[in-house]
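Data block below; observations after.
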Ligand SMILES: Cc1ncc(C[n+]2csc(CCOP(=O)(O)OP(=O)(O)O)c2C)c(N)n1
Ligand SMILES: [Mg+2]
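Protein chains in written order, with my numbering: chain W, 6 to 289; chain A, 21 to 339.
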């Protein structure tokens, strides 16, 4: 669907790694500040997908228009691992779906920035997630709906690596290949940890690429923090139309803060107020 | 959170903590007890059992339907099984597995759903089990228990150990006020009169028992004498206590941290309709999902405070 990129509605059409690296820093700061203000949330699960999200929205991949969030032919992005909502919100604010100040209302009563994404309360959110395992099937449905649209749009879904333990993921994987969903891409955030343990204690994540291939998906492996690799893979996925495309992104849970990177028990925990300044400084 | 403070109740532990402590202790007494969890054992507190009995604990991954059917298999092979996850994921994600693998064959699996209700707060509606009691009650042969404090939770877990059949225990995330003490016993299917009264009866469970006690205190200032029944067992329900309440007080308010349809209120209403109808009101989550927010804000906004029970009572009695 690369030929349709000309009708871009929003977002820079060209990829600039240096600019995106700056943006990634800003996004990590946003995530930190909003979760610390909220006193809870999932910064470490957000940090592993910052470069991927930044490239999707600001690296010329997704076609979207924040002024027309319901534009029928927009590309769809679904955060299946909904607990990483803070990075989605930071991205949507940066894109202009709502004012950046609202980020500080995360998880507060009355705010549409709920603990997990709610598609009925926040423009730009394409699926209500938070119960793991469902986003890829929803994405498949949206991808199939595109076949009867005026113009084919693309659907991108991010799942966790622990999330792949949900059987429904593999039901979707089988169906998407069978239905030749060429406009569907999954990005697996292979950050090696889940809530209580390393993914490798429950399943061998090094076999994930083989598994996606066996299910009929064109599959590549990348360093999910290398903006050039991320951009190249997303471009390839977008241009590949013969069937669904899987990107296994090797990432680091908590990427950007050394104490989170080495300690998975930061899962679901905000940085306390008294450690915020030092953490922001580390991110730069 | 100062639920219960107005009536001098001290804040206690979360019921999930009490469940985890009881499970650890029961693990030492019952070598046939196995526990299955799905990557949330640090939240459900089954990790305390896992620490002591790693050989009888299985983390099957983020895979609730698998979790439940594995529990079914263990039980079919003669083990006593506790299957735990968040109430929302356990009951909603794995409902067919519960139906086919546990309820239908009437196996000895104790389903335990944590993070029930809106009192989990900031994580928001996707993580809140607010339909779990209805789902559990709908299945034939299920025993369904919603304890109100830490002591009752521990006692209920012990009582469930001597039950041979499918059951559901609902526990919550935040601390809740202490209603009982360590001498409390638990009889499945029996209501507990936590306050005597003759003008109206509040039937409540979970954290709404503390709210009901607050409401009773408030109404006593107007010389309205409210009975408070703690109804931890939703199924099988204590019909006798409900009929007596209807006869003796003539008005009932049911209060629960659950959706309107299918929970304690529905069960009580059916008993009343069949036996001794009286004027009845319901304090519950009505027919809506909640939002994110602090526990106190959510309880207030979604109508689960002592004052909400007072308001409902005023529609039924006045002095
Ligand atoms: C169906 C379901 N089960 C359990 C949970 C609780 N939970 C939230 S995050 C999480 C771990 C997710 O791990 P992973 O997919 O690797 O995502 P990461 O946080 O590492 O990005 C779990 C078990 C959930 N949200 N949904
Ligand atoms: Mg992970």
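Just so it is clear, CB atoms sit at the ideal spot from N, CA and C, and this is done for glycine as well. The structure displayed is predicted, hence computed values, not measured ones.
Item                                                                                                                                       : Value
Beta-carbon spacing of residue 194 of chain A, residue 315 of chain A below 8 Å                                                            : yes
Check whether residue 336 of chain A and residue 294 of chain A have beta carbons under 8 Å apart                                          : no
Cut-off 6 Å between Cβ atoms - residues of its own chain near residue 117 of chain A, not counting five sequence neighbours on either side : 85, 88 and 89
Interface flag, residue 259 of chain W vs chain A, CB-CB below 8 Å                                                                         : no
Inter-residue Cα distance where the pair is residue 126 of chain W and residue 311 of chain A                                              : 10 Å
Neighbour flag for residue 86 of chain A against chain W, beta carbons, 8 Å                                                                : yes
Residue burial classification, residue 12 of chain W (beta-carbon count within 10 angstroms, cutoff 16)                                    : In this prediction, residue 12 of chain W has a pLDDT of 48, which is less than 50 and means its spatial position is unreliable; what the coordinates show is noted afterwards. It counts as exposed.
Residue range of the unbroken alpha helix (DSSP H) whose run includes residue 48 of chain W                                                : 48-52
Where the segment 168-191 of chain W meets chain A: residues whose CB sits under 7 Å from a CB there                                       : 168, 170, 171 and 172
Short-range partners of chain A found in the segment 208-241 of chain W, where Cβ spacing is below 8 Å                                     : 208
Residue 111 of chain A to residue 71 of chain A span [Cα, whole Å]                                                                         : 26 Å
Contact with chain A by residue 277 of chain W, beta-carbon distance below 8 Å                                                             : no
Nearest-angstrom Cα separation, counted from residue 189 of chain W out to residue 232 of chain W                                          : 21 Å
Range of the contiguous beta strand (DSSP E) that encloses residue 226 of chain W                                                          : 223-228
Near ligand 1: residue 272 of chain A beta-carbon under 7 Å from a heavy atom                                                              : no
Contact list for residue 82 of chain A against chain W, beta-carbon separation under 9 Å                                                   : 137, 138, 165, 167, 168, 169, 170, 171, 199, 200 and 207
Closest residue to residue 326 of chain A among A:267, A:179, A:239 and A:126 (Cα-Cα distance)                                             : A:239
Secondary structure of residue 10 of chain W, DSSP reduced to three states                                                                 : Because the pLDDT at residue 10 of chain W is just 42, under 50, the model does not fix this residue reliably, and the point stays unresolved.
Per DSSP, the bridge partner or partners of residue 129 of chain A                                                                         : A:101
When W:34, W:169 and W:203 are compared against residue 269 of chain W, the one with the closest alpha-carbon                              : W:203
Beta carbon of residue 288 of chain A nearer than 8 Å to that of residue 157 of chain A                                                    : no
Same chain, Cβ closer than 7 Å to residue 10 of chain W, five either side skipped, listed in chain order                                   : Here residue 10 of chain W scores only 42 on pLDDT, less than 50, and its place in the model should not be relied on; the value that follows carries that caveat. For residue 10 of chain W, where only same-chain residues beyond five positions count, there are no Cβ hits under 7 Å.
Span separating the alpha-carbon of residue 35 of chain W from that of residue 258 of chain W                                              : 17 Å
Contacts that residue 144 of chain A makes with chain W (C-beta to C-beta distance below 8 Å)                                              : 112, 119, 120, 121, 123 and 135
Own chain residues within Cβ distance below 6 Å of residue 97 of chain W, not counting five before or after                                : 129
Option in A:80, A:206 and A:273 with minimal Cα separation from residue 297 of chain A                                                     : A:273
Proximity below 8 Å, CB of residue 54 of chain A to CB of residue 29 of chain A                                                            : no
Contacts of residue 116 of chain W in chain A (Cβ-Cβ under 9 Å)                                                                            : 311, 312 and 313
Cβ-based contacts, 7 Å cut-off: residues of the segment 141-165 of chain W near chain A                                                    : none
Continuous beta strand (DSSP E) stretch holding residue 251 of chain W: start and end                                                      : 250-255
Where residue 171 of chain A falls: helix, strand or coil (DSSP)                                                                           : helix
Amino acids of chain W, ordered along the chain, whose beta-carbon sits closer than 9 Å to that of residue 73 of chain A                   : Correct list: empty, because the minimum Cβ distance to chain W is about 16 Å.
Residue 261 of chain W in three-state terms, based on DSSP                                                                                 : coil
Own chain residues within Cβ distance below 6 Å of residue 171 of chain W, not counting five before or after                               : 137 and 138
Residue range of the beta strand (DSSP E) that includes residue 3 of chain A                                                               : Here chain A has residues from 21 to 339 only, and residue 3 of chain A is not among them.
Residue from W:29, W:40 and W:120 whose Cα sits closest to the Cα of residue 280 of chain W                                                : W:40
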